[in-house]
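Visitor: This structure is in structure tokens; I'll ask about it shortly.
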Amino acid sequence: MKKREKLAIVRQYYPNALTTIDGINRVIDFVEEELDLEPAKIMLADSICSDDVNSIQYPVRATEFLGPFKMGGLDGFPFTGLTGMSAFASHVPDEGAVFVYYGPHIGISKKGEIGEIHRVGQRKNSSCCGAAKGALTKLIHNLIEPGNITEIDYQMNMLEQILLKEKERVITAQIPMMEATEVIYEAIDNRINELIELTSYHCKYIILMGTIHINSDTEMGSFTAVKRFDLIDLATNERKNLVDNYFN
Ligand SMILES: [Zn+2]
Numbered sequence: 051m052k053k054r055e056k057l058a059i060v061r062q063y064y065p066n067a068l069t070t071i072d073g074i075n076r077v078i079d080f081v082e083e084e085l086d087l088e089p090a091k092i093m094l095a096d097s098i099c100s101d102d103v104n105s106i107q108y109p110v111r112a113t114e115f116l117g118p119f120k121m122g123g124l125d126g127f128p129f130t131g132l133t134g135m136s137a138f139a140s141h142v143p144d145e146g147a148v149f150v151y152y153g154p155h156i157g158i159s160k161k162g163e164i165g166e167i168h169r170v171g172q173r174k175n176s177s178c179c180g181a182a183k184g185a186l187t188k189l190i191h192n193l194i195e196p197g198n199i200t201e202i203d204y205q206m207n208m209l210e211q212i213l214l215k216e217k218e219r220v221i222t223a224q225i226p227m228m229e230a231t232e233v234i235y236e237a238i239d240n241r242i243n244e245l246i247e248l249t250s251y252h253c254k255y256i257i258l259m260g261t262i263h264i265n266s267d268t269e270m271g272s273f274t275a276v277k278r279f280d281l282i283d284l285a286t287n288e289r290k291n292l293v294d295n296y297f298n
């Protein structure tokens with residue numbers, strides 16, 4: 051299957067989607083050409099869903115960076131919190147940068163079905179993100195209790211509460227699964243920015259890449275629809291929004 055054909059399927063829903071491989075290549079070019087740094091001076095932290103498909107489809111060139119530090123739990127929410135953010139902040143080369151790739155994920159199958167993918171060796175499609183889909187099903191059936199967060203299913207309960215706050219918006223949307231993913235993106239983006247505010251860094255830059263991460267069937271691979279690409283210069287505290295320059 052040609053890349054052009056794969057992109058056409060994914061771009062029905064996410065018009066600026068790229069393959070994750072092309073997305074990472076662009077970041078590597080940016081780091082080398084604009085920041086004059088080598089990838090080995092960059093500490094990568096990702097906040098993406100712990101789903102095994104994200105390990106299977108992890109882009110090979112990401113290994114040119116240091117890391118990854120894994121911040122994400124179910125659907126990519128940065129469950130390692132402030133301690134996680136400050137831990138890897140203290141591991142970055144002094145002359146280098148932090149690169150945080152974050153966002154929820156959603157499946158789009160080869161046939162263009164949203165919220166599901168065909169996984170290796172399985173007869174049927176399965177949900178992706180399964181946690182988001184589970185929370186959405188509970189939302190639709192009024193099964194989420196306000197404030198209910200348990201020890202045994204803490205991460206799932208947190209996702210449920212995030213969706214519950216935007217119930218009307220999600221259930222009245224044309225594609226509720228896609229809207230639920232947007233809502234979770236916004237919660238992750240807010241939290242990442244809060245964590246950045248509260249953490250001290252001793253390197254040169256912070257690069258933030260907020261995306262809807264898209265998984266597909268095995269032969270399709272993964273894609274990234276970038277929503278935020280910010281560069282923070284830690285010497286001046288200046289923040290540049292570069293998403294249109296590199297990803298739109
Ligand atoms: Zn997931």
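Count the sequence shown with my numbering and you get residues 51 to 298, in order.
Backbone N, C-alpha and C define an ideal beta-carbon position, used for all residues, glycine too.
The structure displayed is predicted, hence computed values, not measured ones.
Among L189, S266, R54, Y255, whose alpha-carbon lies nearest the alpha-carbon of H168?
Guide: The shortest Cα separation from H168 among L189, S266, R54, Y255 belongs to S266.
Visitor: So does C179 have its beta carbon nearer than 7 Å to some heavy atom of ligand 1?
Guide: yes
Visitor: Any heavy atom of ligand 1 within a distance shorter than 7 Å of the CB on D96?
Guide: no
Visitor: Should I92 and A147 be called a contact, given that it needs their Cβ atoms to be closer than 8 Å?
Guide: yes
Visitor: Going by DSSP, which residues form a beta bridge with A223?
Guide: Looking at the DSSP output, A223 shares a beta bridge with no other residue.
Visitor: Taking the alpha-carbon of F297 as reference, which of N287, E288, F279 has the nearest alpha-carbon?
Guide: F279
Visitor: Taking the alpha carbon of H120 as the point to measure from, which residue in P128, K277, V276 has its own alpha carbon closest?
Guide: For clarity, residue 120 is Lys in the given sequence; the question names His instead. Cα-wise, what sits closest to K120 is P128.
Visitor: Could you check if L124 belongs to the surroundings of ligand 1, using beta carbon to heavy atom distance under 7 Å?
Guide: Yes.
Visitor: Could you give the distance in angstroms between the alpha-carbon of T57 and the alpha-carbon of Q224?
Guide: Strictly speaking, residue 57 in this sequence is Leu, with Thr absent from that position. About 22 Å.
Visitor: Roughly how many angstroms separate the alpha carbons of K161 and N207, rounded to a whole number?
Guide: K161 and N207 have their alpha carbons spaced roughly 31 Å apart.
Visitor: Can you give me the start and stop residues for the beta strand (DSSP E) that S97 sits inside?
Guide: 92-97
Visitor: Please work out which residues of its chain come closer than 7 Å, Cβ to Cβ, to L124, disregarding the five sequence neighbours upstream and downstream, and give them in chain order.
Guide: C99, S100, A181, Q205, M206, L209
Visitor: Beta-carbon separation of G153 and Y235 under 8 Å?
Guide: yes
Visitor: Once DSSP output is grouped into helix, strand and coil, what is the label at S272?
Guide: strand
Visitor: Using 7 Å as the cut-off, classify the Cβ of H191 as near or not near the heavy atoms of ligand 1, replying yes or no.
Guide: no
Visitor: I need the straight-line Cα distance from D96 to L193, nearest angstrom please.
Guide: 31 Å
Visitor: Taking the alpha-carbon positions, what's the D144 to L87 distance?
Guide: Straight-line Cα distance between these residues: approximately 12 Å.
Visitor: Within its chain, find whatever has a CB closer than 6 Å to the CB of I71; leave out the 5 residues flanking it on each side and keep chain order.
Guide: P109
Visitor: Using the rule of at least 16 other Cβ atoms within 10 Å of the residue's Cβ for burial, across every protein chain shown, is T261 buried or exposed?
Guide: buried
Visitor: Which first and last residues belong to the beta strand (DSSP E) in which M208 is found?
Guide: M208 -> not in any beta strand (DSSP E); alpha helix (DSSP H) instead, spanning 204-214.
Visitor: Is the CB-CB distance between G126 and T274 below 8 Å?
Guide: No Cβ-Cβ contact shorter than 8 Å links G126 with T274.
Visitor: Does DSSP put R173 in a helix, a strand or coil?
Guide: coil
Visitor: Can you check DSSP and say which residues form a bridge with T286?
Guide: Per DSSP, none; premise fails for T286.
Visitor: Confirm, please, whether the CB-CB distance from L281 to I257 is below 8 Å.
Guide: yes
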